[in-house]
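Each protein sequence line maps, in turn, to chains D and W. Going letter by letter, the first sequence gives residues 1 to 288 in my numbering. Going letter by letter, the second sequence gives residues 1001 to 1330 in my numbering. Here's the structure, in C-alpha cells; my notes come after.
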Amino acid sequence: MNLTQQLVNGIVLGHAYALIAIGWTVLLGVARLVNFGHGQMYMLGAFVTWYGISRLGLPYILAIPLAMLVGVAVGYVMQRVMLQLTLKQDLVSIMIVTLGFGYVLHGAAALFFGSTGQILSTPLSMEDVYWGDLWFTYQDIAIVIVAILFFAALKYIIDRTRLGRLARMVAEDPQLAELAGINVKRVYLGVFAFEGAAVALAAALVAPRTPILTSMGFDEVIITFVVVVLGGIGSVLGSYLAGLALGLFVAFFGAFVSPAYAMAAAFAVLIAVLVIRPGGLAVSPGGR
Amino acid sequence: MIMNTGLKTILFAAPAVLGFFVPMALGGSGAVYAACVLVAIFAVMSYGLDIIVSDLGEVSLAHTVFFAAGAYTTALLSASAGMGPILSLAGSILVALAVAALLGFVTLQLREFVFSLVTYAVAVVAATIAQNWSFLGGSDGLRGIPPFEISLLGFSARNDQELWPVAYLLLLVAIYMVSSFRRSKLGKAAMMVHLNQRLAVTSGVDPQQTRLQVFLLSAPITASAGWLYAYQRAYISADVLEAYFLILMLTAVVVMGRRLLLGPLAGVALILVQEKFFSFGGYVDKIILGSVLIVSLAFLPNGIIGLFASIRTLFPRRTMPIGKTIPERS
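In C-alpha cells:
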C-alpha cells in the first residue's frame, strides 16, 4: 500500500468531512442549535444535484446552486415549523423534531427519486490526475479548494463582520439580543437556511466520490458529530482541523486495518476523548 | 387524591383483564392478532425510552441498541445454544444491563445534545457491526429461532394468537414497572434532576447516580421487547437497528402527551393501525410517521390528549403539569 497515496486520500477525505460539518458548526457555535436531520439534508443535496444533471440536463455548475436553493428552502421550513421551540430553547424537543424531519426527508426522497442507488458523476469527477504514482480526480481538488475558501470566509464573517456579531450575540443571550433590537427570529431562520445551503454545497461536491442512496443520511451524519465534538463544539477552526485529522485517520485505518470498521473506529476515538475530557472540548456559545 | 385501595385495585385490574380480550373483540383474525402482538411488543420497547425522555428529560437515541441486544441475544441463545424463553429472557436482560452500564458510564458526564449525539452514534455503529460481524449473522441476520415453548409449563406458542398471552403479560409488567417507577423514590429523584438539578443536589439527590439507575432500569424493559420480537419474527437481522424503530419509539412517547401512563401504548397502537390497515406504502408511511412526530412536538405541547382536555381524567397521570416546558440548563 502506497503511503503517500493514503496521505492524499486522507487530505481529500478530511476536507470533505470538514465541508460536510460546516453547517452544524455554525448551527451549534453561532446559534446553539442542533439538527439531527443533517444527514438526510446531505442526501437530499446529493440527489437534487444528481437530478439536475441527469434528468434536467443542467450543467454541474448550475446544478450546485439548485441543490443549495432546495437546501435553503428545507432549512427555512424546518426552522419556521419549530421556531417556538427554538425561542423557548427547548433543545430536547428540537432534537426530536429534527430527527422527524430527517425521517420525512428520507421518505419523500425515496418516493421522488426512487430507492435505487445512483452514481452522481460530474465533469470533474471523471477527469483523473496522475502525479508520479499518485492518483486523484479534479473533483478531489475542487473539494479541497472549496473547503479552504469556505472556512476562511466563514471565519472572517463570524469574527469580523456585523452579521457575525449579530449571530454571536443571539447565541450568547437571545433575550438580551431581542432587547437590543435584533430580530432574533430572523437570525435563527437565517442560520438554518445557511445550514441547508452549506450542507447542499458539501453534498454536491463530496457525493460524487461514492454511490448515493436515499437511505445514506442515517449514518452520514455521524461523521459530522465526530468532527463537531472533536473540533471543540462550535469552533470553526477546530472543525476544520478535526475534519482533516479524521480524514487522515479514516484513510489510514481503512487501508491498513479494515474499511468496514473505519467509522466505528473513528467513533471509538470520539468516545475515548469524551471519557477523558467530558465537556472539556466545549467552548462558550458564540465561541471561535 | 384519596382513594380506597380496594377500589383502586379494581380500577386498574378491570381494564387489565378487559385488555386481554381486545383482539377477540376486534374479530380475532390472524391479522388482528399479529397487529396486537406487535403493538404490545413495540409499546414495551417504547416504555423503556419513555422513562428516559419523559422523566429524566434526556433523549436517548441508543434504545434501538437495547432492543437489538434483546433480539440478538435471544436469537443466539435459542437457535444456537438451544435455550428456552426463560433463559433467553434472562440472557437478554443481562446483556442489555451490561450494554447500558457501559453506555451509562461513558455518557455519565454528558448532557443534552452531546448525550443524544453520542447515543445516536452508538446506534449507527451498532448497525455497522451487526451488518458486518459474522457472529451476528452479518447482513443475512440470524435464522432458525425456534417457536416460543416453555416445556416446564407445557406452554407453546406457534402463531401470533398463541403468542398473544405472553405479549400481553409482558405489556402489563412493563406498564406496572413504569407506574411503580414513577411512584418510587428513584422516579421522584429523576423528575427532580430533570426539572431542577440544583434543587436535586441540595436535597441530597446525586444526579449522575440517578441518571445511571434510570438508564439501567430502562434498558431491560426495551430489551425484553426485543426478546419477544425475536420469537415473533423467528429471525433477526440488522434492520432492528434501523431508524424506523427509533422514530416509532420517540413518536409513541410524545404523540399522546408526555408522562401519561398509557400514552406510549396508545401511541404505538395509533401508528401500527395506520401502518397495518391504512397503509399508503412504505415511503408515504415514513412521511406520515415523521410528520406526526414533528407536529406533536412543534404544535401540540400537551400531545393529542391536550387537545381533548375533558377526557384527560380517563388517563391516570401525575400531578406535574405535562405542558411544562423543560427549563433551560446553565
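Beta carbons: idealized from backbone N, C-alpha and C, even for Gly. All of these numbers come straight from a predicted model, not from anything done at the bench.
Cβ contact check for the stretch 1032–1045 of chain W and the stretch 1156–1173 of chain W: 3 or more pairs under 8 angstroms: yes
Provide the residue span of the alpha helix (DSSP H) that contains residue 1007 (chain W), from first to last. 1005–1020
Looking at the strands, I want to know which residues DSSP matches up with residue 1072 (chain W). Beta-bridge pairing links residue 1072 (chain W) to no other residue.
By the three-class DSSP mapping on this structure, what secondary structure does residue 220 (chain D) have? helix
Which of helix, strand or coil DSSP assigns to residue 1329 (chain W): With a pLDDT of only 49 at residue 1329 (chain W), under the threshold of 50, the placement of this residue in the model should not be trusted; the figure read from the coordinates follows. Coil at residue 1329 (chain W), not helix or strand.
Looking only at its chain, what residues have a beta carbon closer than 7 angstroms to the beta carbon of residue 125 (chain D), apart from the 5 residues adjacent to it on each side? 137, 139 and 208
Figure out for me which residue from W:1220, W:1113 and W:1308 has the closest Cα to the Cα of residue 1092 (chain W). W:1220
Residue 1051 (chain W) versus residue 61 (chain D): straight-line alpha-carbon distance, rounded: 50 angstroms
Thinking C-beta only, is residue 1042 (chain W) closer than 8 angstroms to residue 1248 (chain W)? yes
How far does the alpha helix (DSSP H) with residue 1150 (chain W) in it reach, from first residue to last? Here residue 1150 (chain W) belongs to no alpha helix (DSSP H); instead the beta strand (DSSP E) covers 1148–1150.
According to the neighbour-count rule (16 or more other Cβ atoms, all chains shown, within 10 Å of its Cβ), is residue 127 (chain D) buried or exposed? exposed
Assign residue 128 (chain D) to one of three DSSP states: helix, strand, or coil. strand
Distance between residue 1199 (chain W) and residue 1192 (chain W) (C-alpha atoms, nearest Å): 7 angstroms
Taking residue 13 (chain D) and residue 251 (chain D) to be in contact with their CB atoms under 8 angstroms, please state how far apart those CB atoms are, rounded to whole angstroms. 5 angstroms
Which full runs of the beta strand (DSSP E) of 3+ residues lie inside the stretch 1119–1165 of chain W, going along the chain? 1148–1150 and 1155–1157
Residue 210 (chain D): first and last residue of the uninterrupted beta strand (DSSP E) it sits in: Premise fails: residue 210 (chain D) is in no beta strand (DSSP E) and is neither H nor E.
With distances taken Cα to Cα, identify the nearest neighbour of residue 212 (chain D) among D:129, D:24 and D:42. D:42
Give me, in chain order, the residues of the same chain whose beta-carbon lies closer than 7 angstroms to that of residue 1172 (chain W); leave out the 5 immediate sequence neighbours on both sides. 1016
From residue 68 (chain D) to residue 201 (chain D), what does the alpha carbon distance come to, in whole angstroms? 6 angstroms
Endpoints, alpha helix (DSSP H) assigned at residue 120 (chain D): It is not in any alpha helix (DSSP H) - residue 120 (chain D) carries neither H nor E in the DSSP assignment.
May I ask you to list, following chain order, the residues of the stretch 1244–1257 of chain W that have a beta carbon less than 8 angstroms from some beta carbon of chain D? 1246, 1247, 1250, 1251 and 1254
Check whether the stretch 1220–1234 of chain W touches the stretch 1060–1072 of chain W, counting contact only when three or more Cβ pairs, one atom from each stretch, lie closer than 8 angstroms. yes
What's the call for residue 1055 (chain W), buried or exposed, on a 16-neighbour Cβ count within 10 Å? buried
Presumed contact (8 angstroms Cβ cut-off) between residue 1046 (chain W) and residue 1252 (chain W), rounded CB distance: 4 angstroms
Check each residue of the stretch 259–279 of chain D: if its Cβ is closer than 9 angstroms to any Cβ of chain W, include it; give the result in chain order. 260, 261, 263, 264, 267, 268, 270, 271, 274, 275, 278 and 279
Residues in the stretch 100–121 of chain D with C-beta within 7 angstroms of chain W's C-beta atoms, listed in sequence order? 100, 101, 103, 104, 106, 107, 108, 110 and 111
Is there at least one Cβ from chain D nearer than 8 angstroms to residue 1128 (chain W)'s Cβ? yes
Outcome for residue 129 (chain D) when other beta-carbon atoms lying within 10 angstroms are tallied against a minimum of 16: exposed
Does chain D have any CB closer than 8 angstroms to the CB of residue 1310 (chain W)? Only weak support exists for where residue 1310 (chain W) lies, its pLDDT of 49 falling under 50; the value from the coordinates is given anyway. Chain D, which has no Cβ nearer than 8 angstroms to the Cβ of residue 1310 (chain W), makes this no.
Take the Cβ of residue 1176 (chain W) as the centre, count every other Cβ of all protein chains shown within 10 Å, and call the residue buried at 16 or more, exposed below. exposed
Given a threshold of 16 other Cβ atoms within 10 Å of its Cβ, counted over all protein chains shown, does residue 10 (chain D) qualify as buried or as exposed? buried
Quick check on residue 1215 (chain W): does DSSP put it in helix, strand or coil? helix
Which of helix, strand or coil DSSP assigns to residue 1110 (chain W): coil
Counting Cβ pairs, one atom from each stretch, are 3 or more of them under 8 angstroms apart for the stretch 215–225 of chain D and the stretch 1110–1122 of chain W? yes
Evaluate residue 2 (chain D) with the Cβ neighbour count: other Cβ atoms within 10 Å of its Cβ, from every protein chain shown; 16 or more gives buried, anything less gives exposed. exposed
Name, in chain order, the residues that DSSP records as bridge partners for residue 135 (chain D). D:130
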